[in-house]
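Down below is the structure, laid out as C-alpha cells.
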Amino acid sequence: MTLAAAAALLLASPCQDSDKQGSGPMVGNGVQHPSGLPIVGRHTEREAVGRLLDAVRDGLSGVLVLTGEPGIGKTRLLEYAADRAAELRVVRLTAAETETGLGYGALHRLLRPFLNGTGRLPGPQRTALDAAMGLAPGPPADRYLVGLATLTLLSEAAADQPLLFLLDDAQWLDRESAEALAFLARRLHADSLGLIIAVRDGLGDNGLFDALDMHPLTGLPEPEARALLSSVARRVDADVAGRIVTGTGGNPLALLELADALAAEQLSGVAPLPDPLPVGRLLEGHFQHLVRTLPAETATLLLLLAAAPSDDTGMMWRAAGRLGLSARAVQPAAAVGVLGRDMPPAFRHPLIRSTVYAAAEPGERRRVHAALAAACDPVRDADRRAWHRAEAAEGVDDGVADDLAAASERARARGGYSQQALFLSRAAEFTGDPEKRAERLLDAAQAHLMSGDAPAAGTALDLAGADLGGPVTRTRELRIRATAQMFRIAVADVPAMLMDAVISLGPQDPGLTWELLCEALHAALVAHDAMRGSSLTEVAAAVVAARHDPDSAVRDRDLLMEGLSRRVAEGYEHGAPVLRTALDGLRDGGEIRDANSPFAVMLLMACDDLWDVQAGRELTDRLAATDRDAGALYALSIALLVQARYELLDGRLTEAEVRYAEFDDIVAATGFPGGGDINRLHLFALTGREAELRAAVRRTAELRDIGLGLHQLMAQHALTLFELGQGHYRQALKHARAVFDEDPPTCGNLVLPLIVEAGVRTGDRDSADRALARLEERAPLAGTPWALGTLALGRALTADGDDAQKFYEESVELLGQGPLALELARTRLLFGEWLRRRKRRSDARKQLRAAYESFDAFGAVPYAERARIELLATGEKARRRTEETRFDLTPRERQVAAMAASGLTNGEIAARLFVTASTVEFHLNKVFRKLGITSRKQIPRAIGEPGPETGG
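Each step along the sequence shown adds one to the number in my numbering, with nothing skipped, and position 704 is 1312.
Below you can see the structure in the form of C-alpha cells.
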C-alpha cells in the first residue's frame, strides 16, 4: 500500500463523517472552528457577492477583490460565495508562497480543467497559451496574449455553464499568472463569469488588482464579534468577551484562536487573563505552538506539505518516503485542526502553511527541499527539481547554478520572464566566477524588464555592481538602466545614459552602436529640450556620424532614423530627402515593426515633417494591424494615439475619441504608464472643451521634470488651435511662437500656417513673414498636396488682390486631395472671411457654408461658431443641425459598430478588441437599440460608415 493510500484510510474516520455533517473539528478546550458555521456580519460584502452571482447567472460578469490582514475573513467569504453559487460551476485556487517563482504555475492549475478547449482558440492566442503552459514548442508567449487566451477559453466554457472562480491568497501568485488574471478581470463584461479574489494587505500583487472593485475588510464590530465568540465557545464571561474583542480588533480568526488558546477558567472569568493579551503575532505564534506540540515526524510532514507543490501529491509522498515519514504522521495534525480531514491533506487555513514554513529551522528546510528535489522527475519536473536543489544548497555550488540557469532558459521559452529572472538571480547566488555571476544578474535584469518590473531590474543591476567587467557588460548595464527609465516614461536622463553606453562600447560592435544611437535619438526627440546631460543636436549629430549600413530587412526603418537625425543636426533640406526615401520604401513593403521602440512615434514625426498624411495613415494602420494581430499591446496603444491624430486631421473627431478610449482601455488592462487626458489635447482644443484642455496643459508642464518636453510643445500647438477657433489671435501667436522657436519634427511645420494667420490678424507681419519663409523653403522639398496646399494658404493670407484668391483656390484644390477635411474646412473658413471683407457676399457664403457645415458635422464647436458668425454677417442664417443618433453611442459601441459595418464577424471583432464574442454581442445589441435598427446590414447607413467591400 502506498503512503497516500494509507493516509486516506487513516483519515476515513467517524470524525470526518461528523465534519461532513457540519459540526466542524473540535480542538483545544472545546472551541469549534468556523467551517460549516453561519457567517457573522459582513453584510456589505455579502450583498456584493450576491450581486456578482446574480450578474453571472444573468449572463454578465463580475469581479470582487477582498483585501485585509490575515484572519480577517477573506477565506470565509469565499466559502460563503461557493455555498450560494447554485447553478454555477465553482473553481477554487489557493496560491502558495513556495510557488511564487513558477511562471504561469498558478494559471496552469486554474486552467487545467479547461485546456481541452484550446483547439478552438484563435491561432495567436492558442500559440501563446500552449507556449505558456508548456503544451507545445513555440516563441516566448506574450503575457497579454496569454491573458486574452485565458479570457477566451473561460468565456467559451462559461457559455455551457456559468463559472465562478474563487482565488485565495492572491499575494502569492507568480507574476505571470497575476498579470493574466488581472487582464482577464479587467476585460470581463458579458461572459457569464465571476471572479472573487482574496489578497492579504501589505504583500505584493504589484498593484495589478487596484483598478478592480476593492472591498477592504476590517475587524468585526463589537456586537458581531461577540456573537461569533458566543457561537463557538461554550461559556464566556461578558467582560472576558469584551476584552477578547477589543484585544483582537474584531479579527475573526484571531478571536477564535485566542479563545482556543485560553483555558476554560479564563474564558469563564474564574482565572485572570494574561496582561497584555498575546495578540501581537497571535496567529503565527498560536499555530507555531500547535505544531510544536505535535510529534517530530508530524512536524516534518507539515513542513514537507508547506514546501511541496500543492498540485502534485505524488511528489510529496515520494519525498515523505525518502524522509522515512509514516502515513500515520497525518493524523495528529488533523486531530488538532492544523490539517483538514479531506484528502489530499491540506492546511486548514492558508496562514498555517506560511507560518509552518517560516518557523522551521533552516537546516530542516534544506533537508525537506533535498528530499523534494530527489523526488522530482529530472525531465518532467526539471524546473522544480532545480528550485528545490537551490533551496537545499549552501554556499557556492556551480552545479546548482547551472541547473537554475537551464531552468531560466525554459522559462524564457514559455514567456515566463519573471520566473526567468528569479531563476537567474538564484543562479547568481551560487555562481563562483564573478564575471559569470554579473552576466547572470544582467540577464536577470533584462528578464525583469521584459516582465514589466523595472524596480526589480534596478536591484539586479545594483547586485551586479563591481563584478561588471569589460566594456560590453558595462554597455549592457547602461542600456538596461536606460530602458528601465523609458519604461517609467522618465526620459530626461536616457539620451545621456545611452550616449555613455556608446562611449563605453567603443568601436567593438558597430551594429550595437547604431541600435544604441537610434534609441538615444528616439528618447531625445521625446525629451526635446527637457533632457539632462546631453542635447538633441548632439545626439542627432552622433547618429549622422555613425552612418550605419543596415541589412535590407531594416534599411528603410534605419533610413527614417537617419533622416530625422539629419533634419535636426544639418537642417530640413538635408533630412527631408532621406525621410522621403525611407517613407517610400516603407510604403513599398519595408519592415515597419521595431522591437526596441514604439515605431509609430517615429513615423508620426517623419510624416508630420513631410506633411504626408497618406503615408502616415497607411503605415500607421499597417502597424496597428500588425501589433493587434501579434497581441503587442504596448506598441498598439502608441499606434492608436497616432491614428487618433490622423482622424482629427480628417475631421473625424468621434472616431478619434474611439481611438483614445481604446488606448485608455489598454492602459487600464495592462498597467502601462502614459494614460490620461494629456493625449487628448488637440481633441479638447478642436471641440472647445477649455477647462479640460487647460487642465491637460498644466499636466504636461508637471511632466517636464521627467523629460517629456515634446508634450509641452504639443500642448502649445493645441492651445494655438484653440485660441484661433475663439478668434483670440494674440494669444494664439504667443503659443505658436514657442513651437516655432523649438521647431520639433512633430508639429514644427504644422504650426507655420497658424502663425501666418495669427500674425496677419494681429498686424505682426514679422512673425507672419518668418513663418511663410520657412514654408517657402520646406513645402516644395516635401512636395505633398498637404505641404503645397499649406504653402498656398500661407501665401493667400499674406497676398493682396487677385493673387490671394488664386492661392486660396489652389489651397482648397490641393487639400481636397487627401484625408484632410479639417484642414480643408479651415482653409474654406479663411477664404470665406477674405471674400466677405472684399464685399463678395455671395462667393463668401459658398465657402463659409461649406466650412460651417463641415465643422458642425465634425463637432469642432469653436470653429463652427466662428464660421456661423461670419455666415450671419453675409446675411444668411445658419441653423445648427440636429445631433444624429449615432453620436449617442459610447466609444466602444461606436468601434464595435464600425467593425461590424465593415463585415467582420463577432469573433473577428473580439480578437481585434481583446474581448470575447459574447461581449461584442452585448455591445451590438445596445447599438441596435440606440440606432433603432434590427440588422447588421443597416449599421453602415446608421453610423455613416461604408459597408463591406462585397457590398453586403
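A virtual CB, placed ideally from N, CA and C, is assigned to each residue, including glycine.
Using the Cα positions of residue i and residue j, report the straight-line distance between them to the nearest angstrom.
i            : j            : result
residue 898  : residue 867  : 14 Å
residue 663  : residue 759  : 17 Å
residue 862  : residue 909  : 25 Å
residue 1082 : residue 1033 : 18 Å
residue 1356 : residue 720  : 55 Å
residue 1503 : residue 1263 : 8 Å
residue 1013 : residue 1521 : 37 Å
residue 1098 : residue 1090 : 9 Å
residue 1442 : residue 1363 : 17 Å
residue 966  : residue 1087 : 38 Å
residue 1450 : residue 1419 : 20 Å
residue 1299 : residue 1094 : 30 Å
residue 1544 : residue 798  : 20 Å
residue 1252 : residue 1499 : 13 Å
What do you get for residue i, buried or exposed, if any count of 16 or more other CB atoms within 10 angstroms of its CB means buried?
i            : result
residue 1164 : buried
residue 1455 : buried
residue 560  : In the structure as shown, the chain starts at 609 and stops at 1560, and residue 560 therefore has no counterpart that could be examined.
residue 682  : buried
residue 981  : buried
residue 1508 : buried
residue 1548 : buried
residue 1116 : exposed
residue 1017 : exposed
residue 651  : exposed
residue 1501 : buried
residue 1347 : buried
residue 1181 : exposed
residue 1493 : Confidence in residue 1493 is poor, its pLDDT being 44 and thus under 50, which makes the residue's placement too unreliable to answer from.
residue 1477 : exposed
residue 1446 : exposed
residue 1002 : exposed
residue 1184 : buried
What are the partner residues of residue i, as DSSP defines its beta bridges?
i            : result
residue 806  : 674
residue 801  : 669, 771
residue 824  : 675
residue 1415 : Per DSSP, none; premise fails for residue 1415.
residue 699  : 773
residue 913  : Residue 913 is not bridged to any residue.
residue 947  : 955
Going by beta-carbon coordinates alone, are residue i and residue j separated by less than 8 Å?
i            : j            : result
residue 796  : residue 671  : yes
residue 1402 : residue 1380 : yes
residue 705  : residue 770  : no
residue 729  : residue 757  : yes
residue 707  : residue 1042 : no
residue 1149 : residue 1317 : no
residue 791  : residue 807  : no
residue 858  : residue 828  : yes
residue 674  : residue 789  : no
residue 1433 : residue 1462 : yes
residue 762  : residue 805  : no
Practice problem: Check whether the stretch 1139-1151 touches the stretch 1100-1118, taking contact to mean three or more Cβ pairs, one atom from each stretch, closer than 8 Å. | Solution: yes
Quiz item: Are at least three pairs of beta-carbons, each pair with one atom in the stretch 1501-1519 and one in the stretch 1271-1285, less than 8 Å apart?
Solution: no
Quiz item: Would you call the stretch 736-753 and the stretch 1067-1074 touching, i.e. three or more CB-CB distances under 8 Å?
Solution: no
Quiz item: For the 8 Å Cβ check, are there 3 or more pairs between the stretch 1187-1202 and the stretch 1360-1371?
Solution: no
Practice problem: Evaluate the contact criterion for the stretch 1021-1030 versus the stretch 781-789: three or more CB pairs, one atom per stretch, below 8 Å. | Solution: yes
Exercise. For the stretch 918-925 and the stretch 965-978, state whether three or more C-beta atom pairs, one from each stretch, are separated by less than 8 Å.
Key: no
Quiz prompt | the stretch 644-657 / the stretch 726-745 touching (three or more Cβ pairs under 8 Å) | solution = no
Quiz item: Is the stretch 1262-1279 touching the stretch 1472-1485, taking contact as three or more C-beta pairs under 8 Å?
Solution: no
Quiz item: When the Cβ atoms of the stretch 1400-1415 are set against those of the stretch 1325-1344, are three or more pairs found closer than 8 Å?
Solution: no
Quiz item: Do the stretch 1343-1358 and the stretch 1201-1220 touch if we need at least three Cβ pairs shorter than 8 Å?
Solution: yes
Quiz prompt | Cβ contact (3+ pairs, closer than 8 Å) linking the stretch 1459-1470 and the stretch 1242-1262 | solution = yes
Exercise. Specify whether the stretch 1038-1052 and the stretch 993-1009 touch according to this definition: at least 3 beta carbon pairs, one from each stretch, less than 8 Å apart.
Key: yes
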